[in-house]
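Chains as they are written, first to last, in full-length UniProt numbering: chain A, 1 to 215; chain B, 1 to 285.
For each residue, glycine too, the CB sits at the ideal point set by N, CA and C.
Each remark here refers to the structure printed beneath this line.
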């Protein structure tokens with residue numbers, strides 16, 4: 001159980017609350033609990049539920065002070081490790097920063113692919129661009145810094161690392177993350193033709209599958 | 001589709017706007033929508049349009065349009081000279097534009113953003129429930145270019161044509177009521193006092209994403225990094241240079257700089273019309 005006292009509720013204007021949790025795991029559990037209560041009809045109407053790294057924003061709340069008091073009394077069950085759908089992302093490990101990441105990890109370039117594709121990640125939150133998810137799940141010893149100089153154009157489908165996160169760029173944008181691979185067809189990451197345009201929503205589990213053969 | 005508008009002159013930045021997209025912030029999709037929402041609503045009301053009918057939002061230099069059928073339009077928001085085929089026409093009330101004539105909304109005489117509403121609304125296809133152009137994520141129609149053709153919807157009914165409407169004047173001084181939080185504790189007591197006592201000015205680098213300011217830098221208690229967190233409309237984010245940025249409708253849904261306070265949403269329409277150099281006072285609210 002996550003005890004309510006580990007939750008800090010901060011005001012964010014007249015109609016929003018920022019709920020702060022101790023770490024990513026508690027944030028995931030609290031986010032799942034909010035979605036559960038909303039679908040059960042026991043959460044007051046909320047326009048937006050936006051998870052962050054260690055927070056969940058509740059925006060468009062009619063009586064935020066009252067909701068804040070209720071949240072303080074919640075007991076939040078720990079999140080089941082296999083909650084959320086699983087999406088497999090095929091990757092060619094051919095990114096321009098592969099050598100740099102291999103050096104930071106102290107391994108050969110081939111080993112980056114083996115390690116990066118050995119974990120199950122989870123979309124902690126989205127932002128930056130529609131369809132861009134921040135995946136947690138990389139162990140702390142494999143966290144790498146951002147590039148000193150951001151690229152003016154990162155191609156769509158680039159598989160990237162920065163800090164505790166892994167990600168796939170859904171479209172070409174500027175970006176400062178270390179690029180280790182390529183998803184050859186990134187179109188499904190964000191498809192406005194689908195009822196749910198984002199393939200990866202907060203809570204989705206992600207596995208990278210290394211593609212073999214010549215790039 | 002019951003007609004179309006050809007863009008004769010797109011102006012500096014003219015976009016299609018409505019009330020924006022709600023409920024998709026967790027996917028990284030900004031709210032978007034008209035920055036001066038009351039101006040859009042009034043223009044739609046004067047035409048008998050639904051409140052969520054899409055309009056055009058111009059920036060400083062207006063735009064010119066040619067309909068292929070006779071249409072009723074309202075040019076409101078920031079005041080500007082209006083002409084139909086070169087002849088002066090009324091600003092702020094419904095006017096008729098005959099088929100093939102050119103409606104010109106000129107450069108603003110005050111304020112920043114004029115709104116051109118057409119009876120029946122701009123009928124581009126909605127994306128995630130909205131026709132709004134979102135400059136941050138690229139959703140919705142691209143900003144207008146000369147020669148673009150926009151579909152029009154069917155007018156709902158013949159509206160009454162009032163001869164005056166209560167358009168507020170663009171601000172000569174901008175007062176932004178603000179509530180502290182969620183990250184006011186990242187700033188020194190001196191910074192909190194500076195925020196509500198100093199005069200800031202609207203920076204020329206302001207856009208639909210944020211109202212940037214010039215003025216005294218706000219000092220943090222510590223220089224640490226904030227893990228990314230959700231951002232609300234009106235959030236006053238303080239980047240490392242210490243100059244507050246007020247988040248407007250195309251703001252990113254998550255961000256990594258601390259938010260010292262949040263400006264009341266009702267005050268943001270005036271912020272959208274505050275020209276570069278306008279003095280700003282943040283007041284407790």
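Asked, Found
"Coil, strand or helix - residue 1 of chain A by DSSP", "Confidence at residue 1 of chain A is low in this model, with a pLDDT of 48, below 50, so the placement of that residue should be treated as unreliable; the coordinate-derived value is given next. Residue 1 of chain A falls in the coil class under three-state DSSP."
"For residue 29 of chain A, the residue or residues it bridges with in DSSP", "Residue 29 of chain A pairs with nothing; no bridge assigned."
"Chain-order list of residues whose beta-carbon lies under 8 Å from that of residue 147 of chain B (same chain, five-residue window excluded)", "6, 7"
"CB contact check: residue 65 of chain A to chain B, cutoff 8 Å", "no"
"Interfacial residues, the stretch 3-37 of chain A to chain B, with Cβ spacing under 7 Å", "10, 11, 12, 13, 14, 16, 18"
"Interfacial residues, the stretch 123-135 of chain A to chain B, with Cβ spacing under 8 Å", "125, 126, 127, 128, 129, 130, 131, 132, 134"
"Rounded C-alpha distance that separates residue 178 of chain B from residue 76 of chain B", "28 Å"
"Meets three-Cβ-pair contact criterion under 8 Å: the stretch 178-189 of chain A and the stretch 86-94 of chain A", "yes"
"Reduced DSSP secondary structure (H/G/I, E/B, other) of residue 157 of chain B", "coil"
"Short CB-CB distance (under 8 Å) between residue 26 of chain B and chain A", "yes"
"Within 8 Å, strictly: CB atoms of residue 55 of chain B and residue 43 of chain B", "yes"
"Contact list for residue 228 of chain B against chain A, beta-carbon separation under 8 Å", "52, 53, 125, 127, 134"
"Residue nearest to residue 90 of chain B in terms of C-alpha spacing, selected from B/116, B/124, B/32, B/191", "B/116"
"Local Cβ density within 10 Å of residue 197 of chain A, reported as buried at 16 or more and exposed below that", "buried"
"Closer than 7 Å at the beta carbon, the chain A residues around residue 264 of chain B", "14"
"First and last residue of the uninterrupted alpha helix (DSSP H) at residue 101 of chain A", "98-105"
"Continuous beta strand (DSSP E) stretch holding residue 110 of chain A: start and end", "Where residue 110 of chain A is concerned, there is no enclosing beta strand (DSSP E), although the alpha helix (DSSP H) it sits in stretches over 109-116."
"The beta strand (DSSP E) enclosing residue 66 of chain A, as first and last residue numbers", "Premise fails: residue 66 of chain A lies in the alpha helix (DSSP H), 64-72, not in any beta strand (DSSP E)."
"Bounding residues of the beta strand (DSSP E) (the contiguous stretch that carries residue 114 of chain B)", "114-118"
"Residue burial classification, residue 99 of chain B (beta-carbon count within 10 angstroms, cutoff 16)", "exposed"
"Residue 87 of chain B burial status per 10 Å Cβ neighbour count (16 or more: buried)", "exposed"
"Three-way DSSP call (helix, strand, coil) for residue 185 of chain B in this model", "helix"
"Counted within 10 angstroms of its Cβ, other Cβ atoms place residue 277 of chain B as buried (16 or more) or exposed", "exposed"
"Beta-carbon spacing of residue 156 of chain A, residue 167 of chain A below 8 Å", "no"
"C-beta neighbour in chain B for residue 148 of chain A, strict 8 Å", "no"
"Near-chain B residues of the stretch 189-203 of chain A - C-beta to any C-beta below 8 Å", "192, 197, 198, 201, 202"
"Residues near residue 158 of chain A by beta carbon distance below 6 Å, same chain, minus five either side", "169, 179"
"Residue 13 of chain B, DSSP secondary structure in three states", "coil"
"DSSP three-state assignment for residue 81 of chain A, whether helix, strand or coil", "coil"
"Close-in-space but distant-in-sequence residues of the same chain around residue 20 of chain A (CB under 8 Å, 5 per side omitted)", "7, 8, 9, 10, 54, 55"
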